[in-house]
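*Asks:* When you line the sequence shown up against this note's numbering, it's residues 2 to 275, in that order. The beta carbon of each residue, even a glycine, is placed where N, CA and C say it ideally should be. This structure is a prediction, so every number in the text was calculated from the model and none was measured. Before I ask anything, let me first share the structure, which is written out below as structure tokens.
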Amino acid sequence: RLGRFHTLGPVYSDMGQAFGQQLRRWRDERRLSQLQLSVRAEVSQRHISHLETGKAQPSREMVDHLSRTLGLPLRDTNVMFEAAGFAARHRSDELRSAPLRVVFSAVQRVLDAHMPFPAYVVDPAWDIVLANPAAMDLGHRLAGPDCPATVRSNAVRVMLDPLAGRNFVRNLAEVQQGLVRRLEREMFASPRDDRLRELLGDISDYPAPKQPPTATGGEPAGTFYLDFATHSEAWFSTLAVIDAPNDVTVSELQIESLFPADDATSERYSTSSC
């Protein structure tokens, strides 16, 4: 029963307080009162109060239930379980490790199947984990030889950094505004992700584009235009996630696929050697 709790003795006091601190912080992050959380979780407000003050020790079921109610990422759910004195709830394997061999193979197939157009996999801080040849070629053209590796290996930085794609993006104001808003949404979902917070701070500090955002002409959301010395390219992007409710690593990955937004870009890539 989710409403069941144990009265704490000396053995559980430290764990109860640790869990209570985590619960209270997340409730504050989600801007919920104890009453609002109790209504959403269908748990008494008194019990929520006892959990936060360490007067009650949650069961594994209660930790899982409150984590789901608060919409916690799997990584933070593990922290909640450990704070309550339990083993981590979700596995966290490297993508190339043996347990995720099937997942890695499937993701690689998705990237290969998207050729000749760019597609890549990013982690929560938008660092590129995997990329197909077309994506690597585009990244090399956006990031000059003087670009730091931290810029070349991050999908957001390589697009907006002054040493990289910023010099080629025609509709820079729209792209920068759209990426900042996306990062803000992701920051709300994972407010304790320090790498994501650093990325958002850096992007927000980039110089404001000379031209303000303009109204779109009906093109798909996420469309961007690149002007190189010899030609121009037009792309729109889609993001896909992998439904992996029990593995932290896989749940945090996103696959971004770029599709041509005009015939010229489609023809150029369809006849390229990538």
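Determine the DSSP secondary structure at Phe105, reduced to helix, strand or coil.
*Replies:* Helix at Phe105.
*Asks:* Does the pairing of the segment 198-213 with the segment 249-256 give three or more beta-carbon distances under 8 Å?
*Replies:* Contact fails: fewer than three Cβ-Cβ distances are below 8 Å.
*Asks:* Quick one: residues in its chain with C-beta nearer than 8 Å to the C-beta of Leu164, no 5 flanking neighbours on either side, listed in chain order?
*Replies:* Counting only Cβ-Cβ distances below 8 Å, and skipping sequence neighbours, we find Ala144, Gly145, Asp147, Cys148, Pro149 and Val152.
*Asks:* Pop quiz: Arg193 and Asp77 are said to be a contact at Cβ under 8 Å. What is the actual Cβ separation, rounded to whole angstroms?
*Replies:* Right, the Cβ-Cβ distance comes to about 7 Å (below 8 Å), so this counts as a contact.
*Asks:* Quick one, which of Ala190, Gly140 and Gly179 has its alpha-carbon nearest Pro210's?
*Replies:* The residue with the shortest Cα to Cα distance from Pro210 is Gly179.
*Asks:* Can you tell me whether Arg158 is buried or exposed? The criterion is at least 16 other CB atoms within 10 Å of its CB, across all chains shown.
*Replies:* Looking at its Cβ environment, which holds 16 or more other Cβ atoms inside 10 Å, Arg158 is buried.
*Asks:* For the segment 36-87, which segments carrying the alpha helix (DSSP H) assignment without a break, of at least 4 residues, lie completely within its bounds, in sequence order?
*Replies:* 46-54, 61-70 and 75-84, all fully within the segment 36-87.
*Asks:* Less than 7 Å between C-beta atoms, sequence neighbours within five positions excluded: which residues of the same chain meet that for Val130?
*Replies:* Same-chain partners within the cutoff: Leu96, Val122, Val123, Asp124 and Leu254.
*Asks:* Going by the CB atoms, is the gap between Ala241 and Asp263 shorter than 8 Å?
*Replies:* Cβ atoms of Asp263 and Ala241: not closer than 8 Å.
*Asks:* If I measure Cβ to Cβ from Thr224 and keep anything under 6 Å in the same chain, skipping five residues before and after, which residues do I get?
*Replies:* Answer for Thr224: Phe237 and Ala262, listed in chain order.
*Asks:* Between Ala42 and Leu73, is the Cβ-Cβ spacing less than 8 Å?
*Replies:* No. Outside cutoff.
*Asks:* Along the chain, where does the beta strand (DSSP E) containing Ala241 start, and where does it finish?
*Replies:* Unbroken beta strand (DSSP E) run through Ala241: Ser233 to Val242.
*Asks:* So who's on the other strand from Phe225, going by DSSP bridges?
*Replies:* Trp236, per the DSSP bridge assignment.
*Asks:* Is DSSP giving Tyr207 helix, strand or coil here?
*Replies:* Coil at Tyr207, not helix or strand.
*Asks:* If contacts are defined as beta-carbon pairs under 8 Å, then Ala136 and Pro117 qualify, I think. What distance do you get, rounded to the angstrom?
*Replies:* That pair is no contact at about 11 Å.
*Asks:* Note down, in chain order, each residue of its chain lying with its Cβ closer than 7 Å to the Cβ of Asp128, except the 5 sequence neighbours on either side.
*Replies:* Here the set comprises Ser154 and Asn155.
*Asks:* Who does Asn133 pair with in a DSSP beta bridge?
*Replies:* Beta-bridge pairing links Asn133 to no other residue.
*Asks:* Give a yes or no on whether the C-beta atoms belonging to Leu276 and Leu52 are separated by under 8 Å.
*Replies:* The requested residue 276 is not part of the displayed model; the chain covers only 2 to 275.
*Asks:* Cα-Cα, which of Ala85, Ser271 and Thr250 is closest to Phe260?
*Replies:* Taking only the C-alpha atoms, the option nearest Phe260 is Ser271.
*Asks:* State the start and end residues of the unbroken alpha helix (DSSP H) segment that holds Val152.
*Replies:* It spans Ala150 to Arg153 - the alpha helix (DSSP H) in which Val152 sits, taken as one unbroken run.
*Asks:* Locate the beta strand (DSSP E) running through Phe169, then write down its first and last residues.
*Replies:* First-last for Phe169: undefined, no H or E at that position.
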